[in-house]
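A short worksheet on the structure shown next.
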Amino acid sequence: MNRLEALGAAIREARLKQKLSQEKLAELASLHRNFVGLVERAATKLAIDSLFAISDALVVPASVLVARAEQLASSAISKEVER
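Residues 49 to 131 in the working numbering are what the sequence shown lists, from first letter to last.
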């Protein structure tokens, strides 16, 4: 898992924890629902203003999302090294 994939996973994790659909998160963040899906799947890069919009909509600091992404990416790297 690379960092972009990990950030998408962290956003998805936070969204699901709050029981929000992609559509509702997109609405709260003033983004297109398809874009949220692309971000969560790491199919597109995420500009900092979009990250802030998502973090504001989730009421989770962007730094927390990035830190969680780093944890997920590090965990994936550790698992690869163990193989």
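From the three backbone atoms N, C-alpha and C, an ideal C-beta is built for every residue, glycine too.
Asked	Found
Between which two residues does the alpha helix (DSSP H) harbouring Ser-98 extend?	96-106
Can you list, in chain order, the residues of its chain with a C-beta nearer than 6 Å to that of Ser-106? Leave out the 5 residues immediately preceding and following it.	In the sequence under discussion, the amino acid at residue 106 is Leu, which differs from the Ser named in the question. Within the same chain, Leu-106 has close Cβ partners Ala-62.
Helix, strand or coil for Ser-69? Go by DSSP, reduced to three states.	coil
Do Leu-55 and Leu-94 count as a contact pair if the criterion is CB distance below 8 Å?	yes
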